[in-house]
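Below: one structure, written as structure tokens.
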Amino acid sequence: MTTPAFDAGPTLGALLIGTLISCILWGIGAVQVYGYYSRFPEDRLAIKATVAFVCLCETAHITCVMHTLYSWLVTDYGHPERLMERPPPSVLGFIFLTVVIAVYVQLFFSYRIYVLSSSLVIPSLATLLSVARFALGMTIFGVGFRIASLSEYVAKWDKLALAIWSLSAAEDVLITATLVFLLWRQRAQDSTTGQTAILLDKIIMWTIETGLLTSTFSLAMLVCFHLMSNNFVWIAMFTIEARLFANSLFASLNSRTVLRQARSGNLSGSGEPLSTFDADAPFTVSHATASGGSIELDSVQRGKGDSA
Numbered sequence: 001m002t003t004p005a006f007d008a009g010p011t012l013g014a015l016l017i018g019t020l021i022s023c024i025l026w027g028i029g030a031v032q033v034y035g036y037y038s039r040f041p042e043d044r045l046a047i048k049a050t051v052a053f054v055c056l057c058e059t060a061h062i063t064c065v066m067h068t069l070y071s072w073l074v075t076d077y078g079h080p081e082r083l084m085e086r087p088p089p090s091v092l093g094f095i096f097l098t099v100v101i102a103v104y105v106q107l108f109f110s111y112r113i114y115v116l117s118s119s120l121v122i123p124s125l126a127t128l129l130s131v132a133r134f135a136l137g138m139t140i141f142g143v144g145f146r147i148a149s150l151s152e153y154v155a156k157w158d159k160l161a162l163a164i165w166s167l168s169a170a171e172d173v174l175i176t177a178t179l180v181f182l183l184w185r186q187r188a189q190d191s192t193t194g195q196t197a198i199l200l201d202k203i204i205m206w207t208i209e210t211g212l213l214t215s216t217f218s219l220a221m222l223v224c225f226h227l228m229s230n231n232f233v234w235i236a237m238f239t240i241e242a243r244l245f246a247n248s249l250f251a252s253l254n255s256r257t258v259l260r261q262a263r264s265g266n267l268s269g270s271g272e273p274l275s276t277f278d279a280d281a282p283f284t285v286s287h288a289t290a291s292g293g294s295i296e297l298d299s300v301q302r303g304k305g306d307s308a
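Using full-length UniProt numbering, read the sequence shown as starting at 1 and increasing by one per residue.
Shown next as structure tokens:
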């Protein structure tokens, strides 16, 4: 009986594609970080530190991903049987950093919900989900030191991975739905019209799009792991997950550029430069009508992953 030929497509090929996409998204994130520090030099130190921390974690994460790719493609070249053996230490590194980045960003948006709503109900629930995800993530990280092979992890600890991705998707949906509700309620209360309403509608769409992106991606990883645990498609997707969370944070901060441009156009406000607004609080764009109503637009709502 002949040994079946090794198929590198769904294993090393998938990991290579995932790493390339991850590198591209890291580059997009780096551009957004540069844009953030250039456009908002007067943001509070806590916000600047948040961006710096996530950026450093992202850089360490992509380094671990590249080392993993090198180990499996070069160091273990010609030995496909090693792919399902004990993974290189860098795998544990990007598992740990993915959990840290995802939970940190989700907690950041949970705090934004508290600032906008002045209620602890939803933020507390989101925080509990974040804590649960962090605990499960650290469990996976710890298990990585004990397992003898990747196939052992897939066989014995699969439910742990399914649980963490389910929690992540649930929290993303909760945060997105709450932010959309708060923005929509503000729009309805102020009866906004014209450019202000269009701008707020755009922000709501950004929030939905990026929230759906991270939650859908988590569910896709869950499905791939459940149906294709014998290949590396789910690992390839896992190398990308942290990038999506980080870019949603960077883009949400940079999305204030759109509000700045609108403010310099047909919208009028208090006359204070937008760059001086505290990113730790809702910011107000006043609609120039006789009613004098104002609309609070969250300065850190989720936005698209670009640096514009």
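Yeah, the Cβ is synthetic: ideal placement off N, Cα and C, and Gly gets one too.
Between the alpha carbons of residue 185 and residue 163 lies a gap of roughly 33 Å.
Here residue 229 carries a coil assignment [DSSP, helix/strand/coil].
Annotation for residue 61: the continuous alpha helix (DSSP H) segment containing it runs 45-70. In the three-state reduction of the DSSP assignment, residue 185 falls in the helix class, which pools H, G and I.
In this structure residue 14 is buried. Its beta-carbon is surrounded by 16 or more other beta-carbon atoms within 10 angstroms. The beta-carbon distance between residue 240 and residue 35, rounded to whole angstroms, is 21 Å. This is too long to meet the 8 Å contact definition. Contact between the region 145-161 and the region 224-239 is present, with at least three C-beta pairs closer than 8 Å.
Taken atom to atom, the span from the alpha-carbon of residue 224 to that of residue 236 is near 10 Å. Comparing C-alpha distances from residue 182 to each of 7, 257, 159 and 203 shows the shortest one belongs to 203. Less than 7 Å separates the beta-carbon of residue 234 from that of residue 221. Between residue 60 and residue 97, the C-beta gap is smaller than 7 Å, which places the two residues in contact. When 39, 94, 168 and 180 are compared, the shortest CA-CA separation from residue 144 is found for 94. Here the region 49-60 makes no contact with the region 111-130; the two share fewer than three CB pairs at distances below 8 Å.
By the neighbour-count criterion, in which a residue is buried when 16 or more other Cβ atoms sit within 10 angstroms of its Cβ, residue 24 is exposed.
For the 7 Å CB-CB criterion, residue 210 and residue 248 form a contact. Judged by DSSP in its simplified three-state form, residue 96 adopts helix.
The DSSP-derived three-state label of residue 145 is coil. When secondary structure is reduced to three states using DSSP, residue 133 falls in the helix class. Each of 140, 139, 138 and 113 was checked against the Cα of residue 127, and the nearest Cα belongs to 113. For residue 29, the enclosing alpha helix (DSSP H) covers residues 14-39.
For residue 155, the enclosing alpha helix (DSSP H) covers residues 150-156. With a cutoff of 7 Å on beta-carbon distance, residue 246 and residue 27 are scored as not near each other. Take residue 109, set aside five residues on each side of it, and the residues of its chain with a beta-carbon closer than 6 Å to its own are 175, in chain order. Inclusion of residue 238 and residue 32 in the CB contact set at 7 Å is not warranted, their separation being larger than that value. The beta carbons of residue 103 and residue 141 sit no closer together than 7 Å. Distance between residue 166 and residue 131, taken at the CA atoms: about 14 Å.
Taking the C-beta atoms as reference points, residue 101 is found no nearer than 7 Å to residue 188.
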